[in-house]
């Protein structure tokens, strides 16, 4: 089901020439161990498409859990609180 909805969303974004550009304005570490960290991100994202050509700013607050796996930090959980 995820693969199908993901493919449909991808095509919708292509058809509408959707564009997005995000900037992390601030970040903070909520908790950390040697192999797991929880960070808080304040992100502004400029979004436009053929129906809304003038970019709109979306302000998102993200809580991301990252884990150190096989020598790389990987996101294991992303929340929009």
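Residue numbers (full-length UniProt numbering): 1 to 81. Glycine is no exception: its CB is placed at the ideal position from the N, C-alpha and C atoms.
I'd like to check one pair, residue j with residue i: are the Cβ atoms closer than 9 Å?
| i | j | result |
| --- | --- | --- |
| residue 20 | residue 48 | yes |
| residue 24 | residue 32 | no |
| residue 63 | residue 52 | no |
Considering only residues of the same chain and omitting the five flanking positions on each side of residue i, which have a CB-CB separation below 6 Å?
| i | result |
| --- | --- |
| residue 73 | 66 |
| residue 26 | 42 |
When the Cα atoms are used, what is the spatial distance from residue i to residue j?
| i | j | result |
| --- | --- | --- |
| residue 68 | residue 43 | 23 Å |
| residue 18 | residue 8 | 14 Å |
| residue 16 | residue 4 | 19 Å |
| residue 13 | residue 22 | 16 Å |
| residue 80 | residue 28 | 15 Å |
Could you tell me which of the options sits nearest to residue i, measuring between CA atoms?
| i | options | result |
| --- | --- | --- |
| residue 56 | 45, 50, 63 | 45 |
Apart from the five residues on each side of it in sequence, which residues of its chain come closer than 7 Å, Cβ to Cβ, to residue i?
| i | result |
| --- | --- |
| residue 30 | 38, 39, 40 |
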